Amino acid sequence: MFIASLVLNAYAYTDTHPNTHQNTGDNLEDLISVARTQVGYTELDKTTGLPIEPNGAAGYTKYGDSFGDPIGEWCAYFLSWCAREADISTSVIPHLPNCSSFVNWFKANSEFHSTLSEDTYVPKVGDLVFFNWSGGTTAKHVGIVIEVTDSKIYTIEGNTGSDRGYMCCERTRTLSAKYIVGYGVPAYENEDSSITNVSYKKINDTNYVFSATINGRPSMLQVIDEEGCTKTFDRYNSNTVIKTYDADGNEVSSLDRTAAYEVWHFYANLDDLIIKLRTKSVNGTDFEWEKYPYEFSLDAI
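Using numbering that gives the first Met the number 0, read the sequence shown as starting at 0 and increasing by one per residue.
Structural data, given as C-alpha cells:
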C-alpha cells in the first residue's frame, strides 16, 4: 500500500513545463531545444505540489521520478530525460543516474576531455560540461553547452539556481574556471562532411602547405599518395589550422556549428603528383572515412 500511494502521489504532480519541441532528427539541435522548454522548471513541494523556495527541503522532479528517484539529486537525471525526449540513442547519450557515471561512460565509449590535464580541447555547442565546485577531480554536476565565447560558456543545467539547486536554468560559466572538470563529447548523428576544393603553396621541392575547403565538421583529414602512404591530421592537432566561414565567405567563430564551411590549412611532405584527400566524420557512434576521396594532381592546381 505504501509503494502504491507513492506512485499515485507522483502521478498527481502537475507538469509545469511540458516538452513542446517537435524533434527534427538533428540530435544536437533537438537536445538543446528540448532543454530550452524546461528552463524555469522548479522542484515541487512533496506535500502541496507547489514550487519550493530557494534552498528549501528537497522536492519532487519529473526527471528523477522518470528514473525511479523522484526527490534525488537531478542534474544527471535532467540530462538523461532531455536525451530521451530528443530521441537520442543511448549509444550517443546514455541514461545514467549521476555525473561520475557519465564521465566514466564518455571515457570508455566516446570522447572526454579533462581540463585537469594538458588537454587543450576547446568546447563547442552540444558538449556536456562537468563540474566540481571544490576543484576536485570527481564530477558533481553537469550542464549542456549552448554557446561558447573566448572566455565564457553558456549552459542549460538542471538542479541549479541556488547553493542547493532547485531549478532548471540557463547559466554563464567562466571558461577557465578551476571548477570545470572536463567535457563529454557526444557522437551526434548527421555530421557528414565532404571536400569541395583544394589549393596549395609549394615551400620547397617536397614540402607544401595545403588549404582544403570542407562542408561539415570532420574529425580528421587524411592525405593519401600514389603509393598508398597516408598522413592523418586531427581536428585538434597543433599542426592543423582550421578557419570557419559563413555562406557569404565571412570568417566566423570556429565554435559556431551553424557555419557554412571550414578551411583546413596543413603541411605535408609529398613526392607524388597524384594525391587523394578524405575526411573522417561521425556516423552515430562510429567514425567513418569518406567513401569517395577528393582526388587531384599537384601540377593541376
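The C-beta atom is built at its ideal place from N, Cα and C for all residues, glycine as well.
Computed from a predicted model, the values in this text were never measured in an experiment.
Original post:
Which residues bound the alpha helix (DSSP H) around Y193?
Top reply: As a first step, residue 193 is located in the sequence shown; it is residue number 194 there, counting from the start. At residue 193 the sequence reads Ser, which differs from the Tyr that was named. Careful: S193 lies outside any alpha helix (DSSP H), inside the beta strand (DSSP E) at 193 to 201.
Original post:
How would you label L49, buried or exposed, when you count the other beta carbons within 10 angstroms and need 16 or more for buried?
Top reply: Counting from one through the sequence shown, the residue named residue 49 turns up at place 50. Exposed, because fewer than 16 other Cβ atoms sit within 10 Å of the Cβ of L49.
**OP:** Would you list the residues sitting across from Y260 in a DSSP beta bridge?
**Re:** The residue labelled residue 260 in the question sits at position 261 within the sequence shown. Bridge partners of Y260: N214, Y244.
**OP:** Tell me whether I31 sits in a helix, a strand or coil according to DSSP, three-state version.
**Re:** Here the question's residue 31 lines up with position 32 in the sequence shown. Of the three classes helix, strand and coil, the one that applies to I31 here is helix, per DSSP.
Original post:
Does DSSP put K139 in a helix, in a strand, or in coil?
Top reply: On the sequence shown, position 140 is the one that residue 139 refers to. The answer is coil: DSSP assigns K139 none of H, G, I, E or B.
Original post:
In chain order, what residues of the same chain lie with their CB nearer than 7 Å to the CB of D14, ignoring the 5 residues before and after it?
Top reply: Reading the sequence shown from its first residue, position 15 is the one you call residue 14. So the qualifying residues of the chain are K61.
Original post:
Shortest alpha-carbon distance to W288 belongs to which of G183, T231, N249?
Top reply: As a working mapping, residue 288 is identified with position 289 in the sequence shown. The option with the nearest alpha carbon to W288 is T231.
Original post:
Is the distance from the Cβ of L276 to the Cβ of I155 below 9 Å?
Top reply: Sequence index remark: in the sequence shown, residue 276 carries index 277 (1-based). Sequence index remark: in the sequence shown, residue 155 carries index 156 (1-based). Taking 9 Å as the Cβ cut-off, L276 and I155 do not qualify as a contacting pair.
Original post:
If you draw a straight line from the C-alpha of V262 to the C-alpha of V222, how long is it?
Top reply: If you number the sequence shown from 1, residue 262 lands on position 263. If you number the sequence shown from 1, residue 222 lands on position 223. V262 and V222: Cα-Cα distance of roughly 15 Å.
Subject >> Cβ-based neighbour list, F265, same chain, cut-off 6 Å, excluding 5 preceding and 5 following >> reply: Residue 265 sits at position 266 when you count from the first residue of the sequence shown. Only F209, F232, T239 meet the Cβ criterion.
Original post:
How big is the Cα-Cα spacing for L174 and E226?
Top reply: Taking the sequence shown and counting its residues from 1, one reaches residue 174 at position 175. Taking the sequence shown and counting its residues from 1, one reaches residue 226 at position 227. Answer to the nearest angstrom: the Cα atoms are 45 Å apart.
**OP:** Report all residues from its chain with a CB closer than 8 Å to the CB of F111; omit the five preceding and five following residues, and keep chain order.
**Re:** In the sequence shown, residue 111 corresponds to position 112, counting from 1. Cβ within range, chain order: V102, F105, G181, Y182, G183, V184.
**OP:** Please list, in chain order, all residues of the same chain as Y293 whose beta carbon is under 6 Å from its beta carbon, the five residues on each side excluded.
**Re:** Taking the sequence shown and counting its residues from 1, the one referred to as residue 293 is at position 294. If we look at Y293 and ignore the five residues flanking it on each side, its Cβ neighbours are I194, L276.
**OP:** Give the straight-line distance between the Cα atoms of G157 and T119, rounded to the nearest whole angstrom.
**Re:** Your numbering for residue 157 matches position 158 in the sequence shown. Your numbering for residue 119 matches position 120 in the sequence shown. Between G157 and T119, the C-alpha separation is close to 27 Å.
Original post:
So what does DSSP say about N26, is it helix, strand or coil?
Top reply: As a position in the sequence shown, residue 26 is number 27, starting the count at 1. Helix, per DSSP.
Original post:
Smallest Cα separation from A85: which of E28, T137, G63, T46?
Top reply: The sequence position of residue 85 within the sequence shown is 86, counting from 1. That would be E28, whose Cα lies nearest to the Cα of A85.
Original post:
Taking the C-alpha atoms as reference points, what is the distance between D68 and K123?
Top reply: Locating residue 68 in the sequence shown gives position 69, where the first residue counts as 1. Locating residue 123 in the sequence shown gives position 124, where the first residue counts as 1. Spanning the two alpha carbons is a distance of roughly 31 Å.
Original post:
What are the boundary residues of the beta strand (DSSP E) that E169 is part of?
Top reply: The residue labelled residue 169 in the question sits at position 170 within the sequence shown. 166 to 173 is the span of the beta strand (DSSP E), which, as asked, contains E169.
**OP:** Locate the alpha helix (DSSP H) running through S100, then write down its first and last residues.
**Re:** Residue numbering aside, residue 100 sits at position 101 when the sequence shown is read from its first letter. It spans 98 to 108 - the alpha helix (DSSP H) in which S100 sits, taken as one unbroken run.
Original post:
In chain order, which alpha helix (DSSP H) runs of at least 4 residues are fully inside the region 31 to 85?
Top reply: 61 to 64, 74 to 84
**OP:** State the Cα-Cα distance for the pair S113 and N203, rounded to the nearest angstrom.
**Re:** Residue mapping note: residue 113 aligns to position 114 of the sequence shown, counting from 1. Residue mapping note: residue 203 aligns to position 204 of the sequence shown, counting from 1. Cα-Cα distance, rounded: 39 Å.
Original post:
Which class does L5 belong to by DSSP, given the choice of helix, strand or coil?
Top reply: Taking the first residue of the sequence shown as 1, we reach residue 5 at position 6. Confidence at L5 is low in this model, with a pLDDT of 43, below 50, so the placement of that residue is unreliable and no value is reported for it.
Subject >> Assigned secondary structure, L220 (DSSP; H/G/I helix, E/B strand, else coil) >> reply: Counted from its first residue, the sequence shown places residue 220 at position 221. Looking at L220 - three-state DSSP - the assignment turns out to be strand.
Original post:
Apart from the five residues just before and just after I145, which ones in its own chain have a Cβ nearer than 7 Å to its Cβ?
Top reply: Taking the sequence shown and counting its residues from 1, one reaches residue 145 at position 146. Only I31, V124, Y153, T154, I155 meet the Cβ criterion.
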